[in-house]
Ligand code: SF4
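Numbering (my numbering), first residue to last: 48 to 268.
Take a look at the structure:
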């Protein structure tokens, strides 16, 4: 759907790409950073490999079911066609790729509803609690999307929905405050990648109990 800029793999970190001379990381890392940034270190710098949790496997299955159902009636379209169609009517898109070369982030939006006066960017999550880590992930999508739509001044909303349901349990306008908040987090992640800052472990033992890296982590509380 998009013309992707030329990219190269980072020499040391598999999920990081170098795009136009700048490190570019997956937007899902904003979620991982909010949970515990030391997990990013273990997985991507130390190469610790662990099986996905049961919740992750269930989530992936539900996600692909939704995707197949959506594809039964979906019509393939380019970014420009989608944007144009949404100026006069509602357009729903899934697995919408976004990239920001400026902020060094990229990802796939679960679902985006476009209308003549707004965009609602929806991320599906298990459960219905708006954790800050989930909010940061959806803010990351909003920021990348905002850069892509350039001078289109329709308002952007960030929303979290309980996976497999229609329950949008959290929604907010992606305003300047939200934008500044996520830019700050993104800068921190870039500083972690470049080694300017240290990956800090969470101090919350409840997170460690649930963490899939628990067995291999030398910093767990
Ligand atoms: S066990 Fe705790 S400190 Fe270690 S990566 Fe997991 S959440 Fe972070």
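All C-beta atoms, glycine included, are put in the ideal place defined by N, C-alpha and C.
Near residue i, which residues of its chain fall below 8 angstroms by C-beta distance, leaving aside the five closest residues on each side in sequence?
i: residue 191; result: 74, 145, 146, 147, 150, 152, 153 and 154
i: residue 54; result: 64, 65, 66 and 71
i: residue 225; result: 186, 189, 205 and 219
i: residue 233; result: 77, 150, 151, 152, 187 and 190
i: residue 52; result: 66, 67, 146 and 148
Measure the CB-CB distance between residue i and residue j and report whether it falls below 8 angstroms.
i: residue 159; j: residue 168; result: yes
i: residue 187; j: residue 229; result: yes
i: residue 240; j: residue 72; result: yes
i: residue 207; j: residue 172; result: yes
i: residue 143; j: residue 203; result: no
i: residue 106; j: residue 210; result: yes
i: residue 163; j: residue 135; result: yes
i: residue 114; j: residue 141; result: yes
DSSP has residue i in a bridge; who is on the other side?
i: residue 208; result: 171 and 215
i: residue 71; result: 64
i: residue 161; result: 138 and 166
i: residue 203; result: 166
Take residue i and list the residues in its own chain whose beta-carbon comes closer than 6 angstroms to its own, dropping the five residues that flank it on each side.
i: residue 238; result: 244
i: residue 256; result: none
i: residue 263; result: 95
Looking at the structure shown, is residue i part of a helix, part of a strand, or coil, going by DSSP?
i: residue 55; result: strand
i: residue 128; result: helix
i: residue 149; result: coil
i: residue 144; result: strand
i: residue 177; result: coil
i: residue 90; result: helix
i: residue 48; result: Residue confidence for residue 48 is low, a pLDDT of 47 falling below 50, so the modelled location carries little weight; the figure read from the coordinates is stated next. Of the three classes helix, strand and coil, the one that applies to residue 48 here is coil, per DSSP.
i: residue 134; result: coil
i: residue 266; result: coil
i: residue 198; result: coil
i: residue 79; result: helix
i: residue 154; result: strand
Label residue i either buried or exposed according to how many other C-beta atoms from any shown protein chain fall within 10 Å of its C-beta, with 16 as the threshold for buried.
i: residue 261; result: exposed
i: residue 236; result: buried
i: residue 111; result: exposed
i: residue 128; result: exposed
i: residue 104; result: exposed
i: residue 133; result: buried
i: residue 273; result: Because residue 273 is not part of the residues shown, which for the chain are 48 to 268, the question remains open.
i: residue 170; result: buried
i: residue 199; result: exposed
i: residue 138; result: buried
i: residue 197; result: exposed
Please work out which residues of its chain come closer than 7 angstroms, Cβ to Cβ, to residue i, disregarding the five sequence neighbours upstream and downstream, and give them in chain order.
i: residue 180; result: 78, 81 and 82
i: residue 48; result: Low local confidence applies: a pLDDT of 47 at residue 48 is under 50, so the model's placement there is unreliable, and no value is given.
i: residue 246; result: 84, 85, 87, 88 and 239
i: residue 266; result: 85 and 248
i: residue 252; result: 268
i: residue 214; result: 175 and 208
Does the beta-carbon of residue i, which I'm using as the reference point, lie nearer than 7 angstroms to any heavy atom of the ligand HEM?
i: residue 78; result: Because the ligand HEM does not appear in the structure shown, any question about it cannot be addressed here, the ligands present being the ligand SF4.
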